[in-house]
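A.B. asks: My questions will all concern the structure given below.
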Amino acid sequence: AQTVTQSQPEMSVQEAETVTLSCTYDTSENNYYLFWYKQPPSRQMILVIRQEAYKQQNATENRFSVNFQKAAKSFSLKISDSQLGDTAMYFCAFLAGGTSYGKLTFGQGTILTVHP
Amino acid sequence: SAVISQKPSRDICQRGTSLTIQCQVDSQVTMMFWYRQQPGQSLTLIATANQGSEATYESGFVIDKFPISRPNLTFSTLTVSNMSPEDSSIYLCSVVFRRSNTEAFFGQGTRLTVV
């Protein structure tokens, strides 16, 4: 079984600044995927970014990037040029490869507030 | 992109009653899942909805309490039975499409309050 830990229950940042959300995980799998999901007050879970464990290059999606440290089992999310619309709960999630299609293990979540 | 419709979006129910939540996708999916998100907490997987057969439940969840159906590739229901206030949560449907079996997409969730 795998576990995902987000040690920051809440974070805040000023608009246009950069913030980093932390995530660590534990697994014995070699083939897996990591995700960051955003959940605004509307409750909709939105995929922000994904990382394949076999890729050394860190994933980037516009203002969102990750720092994937496989040996340390760390997967942090950096949000650059923060916007008010980034205010949401952010979840780190783990997916084992093989036959675990779509079966995610989530961290506890980090509430991010972007201040004007 | 596909549309995942979840109904109802919210409901307030009396204890002891049951509520059925529907999840409809506008294209065929490989897998369908149901998650529970208790107030202020993370998502916990309830079960995998299997087409035409019994759902596969995670530890701590049982069929009598959370019966699930999946009659075809695009539709599933979750029933929360004999509800108590502890069942007050957000329930989310999640799907995986054939084209990308390593990405999960979510419905908008059902906010259930049991009084």
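Same order as they appear, the protein sequences are chains A and B. For the first sequence, the residue numbers in this note's numbering are 31 to 146. For the second sequence, the residue numbers in this note's numbering are 1354 to 1468. Glycine residues also receive a C-beta, built at the ideal position from the N, C-alpha and C atoms.
How would you write the range of the beta strand (DSSP E) that R1423 of chain B sits in, first residue to last?
C.D. replies: The residue you call residue 1423 of chain B lines up with position 70 of the second sequence. Note, R1423 of chain B: beta strand (DSSP E), I1421 to N1425.
A.B. asks: Distance check for V78 of chain A and Y1388 of chain B, CA to CA, integer angstroms please.
C.D. replies: Along the second sequence, read from residue 1 onward, the residue named residue 1388 of chain B stands at position 35. Along the first sequence, read from residue 1 onward, the residue named residue 78 of chain A stands at position 48. Rounded to whole angstroms, Y1388 of chain B to V78 of chain A spans 19 Å at the Cα level.
A.B. asks: Over the uninterrupted beta strand (DSSP E) stretch that includes M75 of chain A, give me the two end residues.
C.D. replies: As a position in the first sequence, residue 75 of chain A is number 45, starting the count at 1. First-last for M75 of chain A: undefined, no H or E at that position.
A.B. asks: Please state whether DSSP places L114 of chain A in a helix, a strand or coil.
C.D. replies: By one-based count along the first sequence, residue 114 of chain A stands at place 84. DSSP places L114 of chain A in helix when its eight states are reduced to three.
A.B. asks: What's the C-alpha gap between V60 of chain A and A83 of chain A?
C.D. replies: Taking the first sequence and counting its residues from 1, the one referred to as residue 60 of chain A is at position 30. Taking the first sequence and counting its residues from 1, the one referred to as residue 83 of chain A is at position 53. Here the sequence assigns Asn to residue 60 of chain A, which means Val is not the residue at that position. Distance between the alpha carbons of N60 of chain A and A83 of chain A: 8 Å.
A.B. asks: Using DSSP with H/G/I as helix, E/B as strand and the rest coil, what is D1440 of chain B?
C.D. replies: If you number the second sequence from 1, residue 1440 of chain B lands on position 87. Of the three classes helix, strand and coil, the one that applies to D1440 of chain B here is helix, per DSSP.
A.B. asks: I'd like to know whether the C-beta atoms of Q81 of chain A and F105 of chain A end up nearer to each other than 8 Å.
C.D. replies: Position 51 of the first sequence, counted from the start, is the residue given in the question as residue 81 of chain A. Position 75 of the first sequence, counted from the start, is the residue given in the question as residue 105 of chain A. The answer is yes: Cβ separation under 8 Å.
A.B. asks: Determine, for M41 of chain A, whether the minimum Cβ-Cβ distance to residues of chain B falls below 8 Å.
C.D. replies: Translated into the one-based positions of the first sequence, residue 41 of chain A becomes position 11. Answer no: the Cβ-Cβ gap between M41 of chain A and chain B never drops below 8 Å.
A.B. asks: In terms of alpha-carbon separation, which member of B:D1364, B:L1445, B:R1368 and B:T1409 lies closest to E1439 of chain B?
C.D. replies: Counting from one through the second sequence, the residue named residue 1439 of chain B turns up at place 86. Nearest option by C-alpha distance: B:R1368.
A.B. asks: Do you know how far the Cα of F1428 of chain B is from the Cα of T35 of chain A?
C.D. replies: Here residue 35 of chain A refers to the residue found at position 5 of the first sequence. Here residue 1428 of chain B refers to the residue found at position 75 of the second sequence. Answer to the nearest angstrom: the Cα atoms are 32 Å apart.
A.B. asks: Using DSSP with H/G/I as helix, E/B as strand and the rest coil, what is N97 of chain A?
C.D. replies: Within the first sequence, numbered from 1, the residue matching residue 97 of chain A stands at position 67. The answer is strand: DSSP assigns N97 of chain A an E or B state.
A.B. asks: Whole angstroms are fine: how far does the CA of Q74 of chain A sit from the CA of G115 of chain A?
C.D. replies: Here residue 115 of chain A corresponds to residue number 85 of the first sequence, with the count starting at 1. Here residue 74 of chain A corresponds to residue number 44 of the first sequence, with the count starting at 1. So the alpha carbons of these two residues sit roughly 14 Å apart.
A.B. asks: Give every residue of the same chain whose Cβ lies closer than 6 Å to the Cβ of G1462 of chain B, excluding the five residues on either side of it in the sequence, and list them in chain order.
C.D. replies: Translated into the one-based positions of the second sequence, residue 1462 of chain B becomes position 109. Closer than 6 Å at the Cβ level, and outside the excluded window around G1462 of chain B, lie I1443 and L1445.
A.B. asks: Return the first residue and the last residue of the beta strand (DSSP E) that I141 of chain A is part of.
C.D. replies: As a first step, residue 141 of chain A must be located in the first sequence, where it is residue number 111. T140 to H145 is the extent of the beta strand (DSSP E) around I141 of chain A.
A.B. asks: Helix, strand or coil for E59 of chain A, going by three-state DSSP, please let me know.
C.D. replies: Position 29 of the first sequence, counted from the first residue, corresponds to residue 59 of chain A. Of the three classes helix, strand and coil, the one that applies to E59 of chain A here is coil, per DSSP.
A.B. asks: What are the residues that DSSP puts in a beta bridge with R1363 of chain B?
C.D. replies: If you number the second sequence from 1, residue 1363 of chain B lands on position 10. Partner(s): B:R1464.
A.B. asks: Any beta carbon from chain B within less than 8 Å of L107 of chain A's own beta carbon?
C.D. replies: Translated into the one-based positions of the first sequence, residue 107 of chain A becomes position 77. Taking Cβ atoms only, chain B never reaches closer than 8 Å to L107 of chain A, which makes this a no.
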